[in-house]
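Residue numbers (the working numbering), protein chains in the order written: chain Z, 9 to 226; chain D, 4 to 542. Where is the CB? At the ideal position from N, CA and C, for every residue including glycine. As structure tokens, the structure follows; a few thoughts come after it.
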Amino acid sequence: MADVTHHPALAHQFDSLAQQSEATTLGMWVFLVTEVLFFGGLFATYAIYRSWYPDAFAAASHELDVTLGAINTVVLITSSLTMALAVHAAQLGQRRVLMMFLVVTMILGAAFLGIKSVEYYRKFIEHHIPGPSFEFEKAHARHAQIFFSLYFVMTGLHAVHMVIGIGIMLVMLWLAWRGTITDEYYSPIEISGLYWHFVDIVWIFLFPLLYLIGRHAH
Amino acid sequence: MSTGTVFMPTRHYLNDGYGIRSWLLTRDHKRIALLYLAAVTLFFFVGGAFAVLIRLELATPAGDFVSDETYNKLFTMHGVMMVFFFLIPSIPATLGNFLVPIMIGAKDLALPKLNLASWYIYILGGLFTLYALIAGGVDTGWTFYTPFSTVSSTTNVIPTALGIFITGFSSILTGLNFIVTIHRMRAPGMTWFRMPLFLWSMYATSLIMVLGTPVLAITILLVAVERLFHFGFFDPRLGGDPVLFQHLFWFYSHPAVYIMVLPSMGVVSELVAAFCRKQVFGYGFVAFASVAIAVLGFLVWGHHMFVAGQSVYSALIFSALSFLVAIPSAVKVFNWTATMYKGSVSWQTPMLYAIGFIGLFTIGGLTGLFLASVGLDVHVTDTYFIIAHFHYIMVGGTLMGYLGGLHYWWPKISGRLYNEFLAKLSAGIIFLGFNLTFFPQFILGYLGMPRRYHAYPPEFQVLNVLSSAGASILGVGYLIPMLYLMWSLRYGKLAGSNPWGAVGLEWTTTSPPPTENFAEPPVVTWDAYDYEAQVTVES
């Protein structure tokens, strides 16, 4: 074998960088399928309880802050844009631009989490956290509690994924900084981008399902 | 056929580094397979110890050996250990890990670091579960039915659930790695329809692991959240629905049965071809039957809830779909039998296990049809009939295939041959012990003995004593292979590259194989199981 052409990032089990990048990309897609099923269990639970208790879900949904939710949606979509621009910069081998967009993506992700914790804090003050101290002044208190249980688990798991995403971005930033990422070898950035966009898409479903139900009646 | 000169290669994966680090930090799929083999064997014997205690208690009608509460913990820990820590990883993580790259002519799995990580995740999950065991055990049954698991039980539900949650990720990562590897790492000429059937079954198994396991993960997480924070998901007092838990749980746990049995079916296809020296009859049918079982397996979970307040209509649909799974399963059984027909069958140990598998799986599968019939199922639900049925699938099926595969590839893994006489003897002991243990349970169940009780009416004693006696024979049968396989590592005769005269890429490389599996990257120009061509060339 001609070791002259052997790229330092090429792992021993692969024949070429193209094969390696195809394999890791496929791996990430398969992982995202797993994630769809993971969140899918929650969405199925949501669908069943909402179809049983539509009024309770609408009443509970009105307790959420649509403005903050909408701002967060914009923040997250923007972060997906900067992530896409980061991948583009990586493909062109623009190291500084890549690092800048990774940092912006992380800042937007952190902003999302910040706004989310403000929302959580308010729910805590309002006793909307399910459990013994749960309070709900309107009708359907018992079933509204299921809504809030789902709200916290779904957005909570989404937030956990965001935190992991920011961690991944830190690693990517480090890889870019020490020059591992080049216009020949950028699949780590690409598959991190896939993950980031996926987490984004989950939110695109969560936002209307949690914040916007029953709005048309008002 | 000639097997060439028998020699031990000077460099192979076992002598490529000796220290503890060379094992614990290895990226070599073959070494990781052996790490899994050690861990899986440990958990098998832990789970087996619980089975021994269960059968001891059931030897007499009175609940005199352990208390009812202890008994609840015994069958729970037996189920948890065997299902999540032995049966599910058994063949994929050991034989699959070892063979998938070699059978497609690759140097390693596509993602070796992830492969090692999956082993550590498995061990971490195992430690959590062992902790739960030492800290006093858990008594919910391996099924964790709510609201008992979330509200009533005072035992270690959370650590056990966490252990299973963590181990699930090792299963997901193994499946992911196999899918990527089979898609992207096949040697030149190794087309999908030239792949050995073991790979088709591994691929189908991986699909279930990747699609099913995350649903179990989220279900367990919801149980933990409900138990810890009193969020209402399944607790009826909070407006939740306990049957929803059963739906989510069985959406994974029924396909999980196919995670256990599909790999064994793959092994049996290899064994039947090798020991009948024939192309597997209807290769395409057997290959697609694996995929069909994986797909249909996701559509039958409702048959676990015929008595749980499911509507009549959904029960009927789930019943019909469950009957459908019998079709691809039967296709496989018929095709193996047709392969044996007029084949030159040699009765070596792996073939004994393969034949054992076919017989026992047939009984397990046909009694499954009893359970898929709504009316009959009502009669036998939660009786020993169920216990007997799924042990015929899981032990008679999965374990037979696992042991058959282990014996078949042991010369490849270790480079040495085991004692054939002892191996045949223990295969016979296991077959007899197995049937003596579990066949009486069909009758017990039909007569109405419920599962999960530590005491029973005296008229059931004869059958229970037979079952306990069978279990002790079965236990001996499992210990013998442990001993002679260990013995062979040092004293066994050298195996040579191809002791069985089988075809397949794994038999073209040395035993044990070198670290990157092949001296020269193979190019494939033949179909799987091309024994006819081999005969033509030699005559």
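(1) Taking Cβ positions only, does D/P162 come closer than 8 Å to chain Z?
(2) Using only CA atoms, which one of D/P258, D/A259, D/G287, D/F424 lies nearest to D/S272?
(3) Got a sec: is the Cβ-Cβ distance from Z/G122 to anything in chain D below 8 Å?
(4) Per DSSP, which one or two residues make a beta bridge with D/L497?
(5) Find the residues of chain D that neighbour Z/E30, judging by a C-beta separation of less than 7 Å, and give them in chain order.
(6) Going along the chain, which unbroken runs of the beta strand (DSSP E) with 3 or more residues stay wholly within the segment 26-57 of chain Z?
(7) Counting C-beta neighbours from all protein chains within 10 Å, is the total for D/P516 16 or more, i.e. buried, or is it exposed?
(8) So is D/S25 buried or exposed if we call it buried at 16+ other beta carbons inside 10 Å?
(9) I need the DSSP call for D/T386, collapsed to helix, strand or coil.
(10) Listing by chain order, which chain D residues have their CB less than 7 Å from the CB of Z/L45?
(11) Run through DSSP, which three-state label would D/P517 get?
(12) Can you tell me where the alpha helix (DSSP H) with D/A164 in it begins and where it stops?
(13) For D/T222, would you say it is in contact with chain Z, using Cβ-to-Cβ distances shorter than 8 Å as the test?
(14) For the segment 461-480 of chain D and the segment 495-515 of chain D, state whether three or more C-beta atom pairs, one from each stretch, are separated by less than 8 Å.
(15) Grab me the residues of D/T518's own chain with a C-beta within less than 7 Å of its C-beta, minus the 5 sequence neighbours each way, in chain order.
(16) In angstroms, rounded to a whole number, what distance separates the CA positions of D/S293 and D/F201?
(17) In whole angstroms, what separates the C-alpha of Z/V112 from that of D/S317?
(18) Would D/A113 pass as an interface residue toward chain Z - the criterion being a Cβ-Cβ separation below 8 Å?
(19) Span of the alpha helix (DSSP H) holding D/Y125?
(20) Within 7 Å: the Cβ of Z/L178 and any heavy atom of the ligand MG?
(21) What runs of the alpha helix (DSSP H), each 4 residues or longer, lie entirely inside the segment 423-486 of chain D?
(22) Can you pull the chain D neighbours of Z/F206, defined as C-beta to C-beta under 8 Å?
(23) Would you list, in chain order, the members of the segment 56-69 of chain Z that have their beta-carbon closer than 9 Å to a beta-carbon of chain D?
(24) Compare the beta carbon distance of D/Y206 and D/I175 with 8 Å and say whether it is the shorter of the two.
(25) Which runs of the alpha helix (DSSP H) at least 4 residues long sit entirely within the segment 115-157 of chain Z? Give them in chain order.
(26) Can you list, in chain order, the residues of its chain whose CB lies under 6 Å from that of D/L59, leaving out five sequence neighbours each side?
(27) Provide the residue span of the alpha helix (DSSP H) that contains Z/D63, from first to last.
(28) Does the CB of D/H382 have a neighbour CB from chain Z at under 8 Å?
(29) Taking the alpha-carbon positions, what's the D/S347 to D/F360 distance?
(30) Check whether the Cβ of Z/G139 lies closer than 8 Å to any Cβ atom in chain D.
(31) Among the candidates D/W145, D/A65, D/T401, D/L179, whose CA atom is the shortest distance from the CA of D/M263?
(32) Pull up the distance between the alpha-carbon of D/N467 and that of D/R187, whole angstroms please.
(33) Mind checking D/P461: buried by the 16 CB within 10 Å criterion, or exposed?
(34) What whole-angstrom Cβ distance do Z/A67 and Z/K146 have, given they're in contact under 8 Å?
(35) Tell me which residues share the same chain as Z/G187 and place their Cβ nearer than 8 Å to its Cβ, disregarding the 5 neighbours each side in the sequence.
Well, looking at it:
(1) no
(2) D/G287
(3) no
(4) D/R419
(5) R187
(6) none
(7) buried
(8) exposed
(9) strand
(10) L214, P217, V218
(11) coil
(12) 160-187
(13) yes
(14) no
(15) Y16, D19, D31
(16) 10 Å
(17) 51 Å
(18) yes
(19) 115-137
(20) This structure lacks the ligand MG; in fact it carries no ligand of any kind.
(21) 423-450
(22) Under the 8 Å cutoff, chain D gives no residues; its nearest Cβ is about 13 Å from Z/F206.
(23) I56, Y57, W60, Y61, A64
(24) no
(25) none
(26) F68
(27) 62-69
(28) no
(29) 19 Å
(30) yes
(31) D/T401
(32) 52 Å
(33) exposed
(34) 5 Å
(35) R103
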